[in-house]
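A short worksheet on the structure shown next.
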Amino acid sequence: MSRGLYLHIPFCRQKCRYCDFASLAGAEELIAAYLSALDQEASRYAGLAFDTLYIGGGTPSLLSGAQLEKVCALVQRHFSPVASFAESTLEANPESLSREKLQLLKSAGLNRLSLGLQSFSDDTLRRIGRVHDVKTFLQAYAWARQSGFDNISVDLMAGLPGQSEAEFADGLRRLVQLAPEHISVYGLQVEEGTPFAKEGVQTDEDLLRRELEQTHFYLQEAGFVHYEISNFARPGRQSRHNTNYWLDGEYLGLGSAAASYQNGVRRSNVRSPRLYLQRINAGQDPTDFSEKLTGKAQAGERLMLGLRQLAGVRLSALQHRYFDKEIAPLLQRGLVEQNGDLLKLSLEGLFLANQVFMAFVGPFEDEK
Numbered sequence: 212m213s214r215g216l217y218l219h220i221p222f223c224r225q226k227c228r229y230c231d232f233a234s235l236a237g238a239e240e241l242i243a244a245y246l247s248a249l250d251q252e253a254s255r256y257a258g259l260a261f262d263t264l265y266i267g268g269g270t271p272s273l274l275s276g277a278q279l280e281k282v283c284a285l286v287q288r289h290f291s292p293v294a295s296f297a298e299s300t301l302e303a304n305p306e307s308l309s310r311e312k313l314q315l316l317k318s319a320g321l322n323r324l325s326l327g328l329q330s331f332s333d334d335t336l337r338r339i340g341r342v343h344d345v346k347t348f349l350q351a352y353a354w355a356r357q358s359g360f361d362n363i364s365v366d367l368m369a370g371l372p373g374q375s376e377a378e379f380a381d382g383l384r385r386l387v388q389l390a391p392e393h394i395s396v397y398g399l400q401v402e403e404g405t406p407f408a409k410e411g412v413q414t415d416e417d418l419l420r421r422e423l424e425q426t427h428f429y430l431q432e433a434g435f436v437h438y439e440i441s442n443f444a445r446p447g448r449q450s451r452h453n454t455n456y457w458l459d460g461e462y463l464g465l466g467s468a469a470a471s472y473q474n475g476v477r478r479s480n481v482r483s484p485r486l487y488l489q490r491i492n493a494g495q496d497p498t499d500f501s502e503k504l505t506g507k508a509q510a511g512e513r514l515m516l517g518l519r520q521l522a523g524v525r526l527s528a529l530q531h532r533y534f535d536k537e538i539a540p541l542l543q544r545g546l547v548e549q550n551g552d553l554l555k556l557s558l559e560g561l562f563l564a565n566q567v568f569m570a571f572v573g574p575f576e577d578e579k
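Add 211 to the 1-based position in the sequence shown for my numbering, that's all there is to it.
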């Protein structure tokens, strides 16, 4: 099984109105110190081997060219050259990309780009707090192709406030015409503490369902494989790094809020970049949470992660013993399908996946 390396760059130019990610806006003065701390944390794991690299955020492309070079250099210094990873991804927002940055990243060995578009409507982009417009995205996409990136993923969002079904459909059509190798489509979730939540914005669940169903069928007709709840890829272009998560593979996360899974232990670093800096500079462990799942909880998490993939999960004898009772009502409701040991989400379950996953998260009735 492959192993993944994740680096978290928490800085953004501006927080989107729906965002509850571990990111920080307007704090560019902390970047240099943060990269130094990231280098120090990486040194604790020097020499470990990984198959995939993912640099996420935040907005990693907000960094200057020189700062991006530092990130690539620390990866090479402590692990291996960026070009040696089977897949190496950088998350980027269109407004913070330039032709020069893209050429630098390609020369450094990055072979995959994940671009945050979210909508093909300038009005909707303004409404949700995005900094870029459609023209800026198209320019960044063109520069990425010209720089030699032949593996590009683009993010869209469904169920956005003020977004009509026709507008969403037009965005899907225009995106397919651009021919990216990978598309991620996320439904709006209004999380507590975000500007949208404070404004009382609510997701139109009926509209969201129609748009996600449209995505499911339209992108498959266009030649994409719907391989995970929110992810579609040209054949062979599935995200190897993210697939490792869903297969319950090991990974190391570096930086504030970064999560790791090694030797059966799940842990995550402190969420605040400032607290992360304090911990690292004081020579302290930045870990905020750690646990080792065992028994039914461990089997349930593996099952839940695996069910995110549309191919489904082959149930082990242990999972049968632990969860046949929980699976039965899901089958009756038509949320999952079972063929022998193979369990997978049904079409209905695809859109109600959270209800399915609740069955495999403790506490469980037989443990009370």
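C-beta: ideal position from N, C-alpha, C; glycine also.
Sub-8 Å separation of residue i and residue j beta-carbons
{"i": "LEU463", "j": "LEU259", "result": "yes"}
{"i": "ALA451", "j": "GLU392", "result": "Position check: residue 451 holds Arg in this sequence, whereas Ala was assumed. Contact flag unset, no."}
{"i": "LEU399", "j": "LEU423", "result": "no"}
{"i": "GLY320", "j": "PHE261", "result": "no"}
{"i": "LEU554", "j": "ALA564", "result": "no"}
{"i": "ALA380", "j": "GLN425", "result": "yes"}
{"i": "VAL342", "j": "PHE331", "result": "no"}
{"i": "LEU326", "j": "SER275", "result": "no"}
{"i": "THR335", "j": "GLN374", "result": "yes"}
{"i": "VAL547", "j": "VAL572", "result": "no"}
{"i": "LEU273", "j": "CYS223", "result": "yes"}
{"i": "LEU285", "j": "ALA303", "result": "no"}
{"i": "LEU465", "j": "ALA253", "result": "yes"}
{"i": "TYR438", "j": "GLN449", "result": "yes"}
{"i": "PRO221", "j": "SER467", "result": "yes"}
{"i": "PHE407", "j": "ARG228", "result": "yes"}
{"i": "LYS507", "j": "TYR533", "result": "yes"}
{"i": "VAL282", "j": "LEU235", "result": "no"}
{"i": "PHE296", "j": "ARG420", "result": "no"}
{"i": "SER213", "j": "GLY460", "result": "yes"}
{"i": "GLU537", "j": "ALA493", "result": "no"}
Coil, strand or helix - residue i by DSSP
{"i": "TYR429", "result": "helix"}
{"i": "ASP552", "result": "coil"}
{"i": "ASP366", "result": "strand"}
{"i": "PHE500", "result": "strand"}
{"i": "THR335", "result": "helix"}
{"i": "ALA244", "result": "helix"}
{"i": "ASN480", "result": "strand"}
{"i": "ILE440", "result": "coil"}
{"i": "VAL401", "result": "coil"}
{"i": "GLN449", "result": "coil"}
{"i": "ARG214", "result": "coil"}
{"i": "GLN329", "result": "strand"}
{"i": "PHE407", "result": "helix"}
{"i": "ARG544", "result": "coil"}
{"i": "TYR580", "result": "In the structure as shown, the chain starts at 212 and stops at 579, and residue 580 therefore has no counterpart that could be examined."}
{"i": "HIS393", "result": "strand"}
{"i": "LEU516", "result": "helix"}
{"i": "ARG525", "result": "strand"}
{"i": "PHE360", "result": "coil"}
{"i": "GLN473", "result": "strand"}
{"i": "LEU423", "result": "helix"}
{"i": "LEU561", "result": "helix"}
{"i": "HIS343", "result": "coil"}
{"i": "PHE222", "result": "strand"}
{"i": "ALA236", "result": "strand"}
{"i": "GLY464", "result": "strand"}
Closest by C-alpha distance to residue i, when choosing among the options
{"i": "GLN314", "options": "HIS343, TYR352, GLN425", "result": "TYR352"}
{"i": "SER307", "options": "GLY320, THR347, VAL286", "result": "THR347"}
{"i": "LEU264", "options": "PHE500, SER254, GLN287, SER234", "result": "GLN287"}
{"i": "GLY551", "options": "GLN543, PHE562, LEU301, SER527", "result": "SER527"}
{"i": "ILE491", "options": "TYR229, LYS226, ALA297, LEU249", "result": "LEU249"}
{"i": "HIS531", "options": "LEU546, GLY511, GLY545", "result": "GLY511"}
{"i": "SER395", "options": "PHE407, ALA522, GLY560, LEU328", "result": "LEU328"}
{"i": "ARG337", "options": "GLN431, LYS226, LEU430", "result": "LYS226"}
{"i": "LEU218", "options": "LEU279, LEU383, PHE360, GLY237", "result": "LEU279"}
{"i": "SER299", "options": "ARG420, TYR533, SER318", "result": "SER318"}
{"i": "LEU383", "options": "ASP417, ASP361, HIS427, LEU418", "result": "HIS427"}
{"i": "GLY237", "options": "TYR533, PRO305, GLN509, GLY269", "result": "GLY269"}
{"i": "GLY545", "options": "GLY560, ASP535, LEU521, LYS536", "result": "GLY560"}
{"i": "ARG356", "options": "ALA470, ALA377, GLU311", "result": "GLU311"}
{"i": "LEU458", "options": "GLY411, GLU416, GLY404, LEU521", "result": "LEU521"}
{"i": "ARG525", "options": "LEU541, GLN251, TRP354, GLN549", "result": "GLN549"}
{"i": "PRO305", "options": "ALA277, ILE266, LEU316, LEU349", "result": "LEU349"}
{"i": "ALA277", "options": "LEU316, LEU301, GLN251", "result": "LEU316"}
{"i": "ASP593", "options": "ASN362, ASP535, GLU376", "result": "Only positions 212 to 579 of the chain appear in the structure, and residue 593 is not among them; the question remains open."}
The ligand NAP heavy atom lying under 7 Å from the CB of residue i
{"i": "THR454", "result": "No copy of the ligand NAP occurs in the structure displayed, which carries no ligand at all."}
### Query
Do the segment 290 to 305 and the segment 234 to 243 touch if we need at least three Cβ pairs shorter than 8 Å?
Two segments are said to touch when three or more pairs of C-beta atoms, one from each, lie closer than 8 Å; by this definition the segment 290 to 305 does not touch the segment 234 to 243.
### Message
For the segment 513 to 529 against the segment 482 to 496, do three or more pairs of beta-carbon atoms, one drawn from each stretch, fall closer than 8 Å, so that the two count as touching?
### Response
No, because fewer than three Cβ pairs between the segment 513 to 529 and the segment 482 to 496 fall closer than 8 Å, the two stretches do not touch.
### Message
Could you check whether the segment 396 to 414 touches the segment 354 to 371, counting it as contact only if at least three pairs of C-beta atoms, one from each stretch, sit closer than 8 Å?
### Response
Because the criterion of three Cβ pairs below 8 Å is met, the segment 396 to 414 and the segment 354 to 371 touch.
#### Entry: Given 8 Å, three or more beta-carbon pairs between the segment 471 to 481 and the segment 494 to 514
Inter-segment contact for the segment 471 to 481 and the segment 494 to 514 is present: three or more beta-carbon pairs are separated by less than 8 Å.
#### Entry: Whole beta strand (DSSP E) elements within the segment 246 to 330, 3-residue minimum
Listed in chain order, they are 263 to 268, 298 to 303, 323 to 329.
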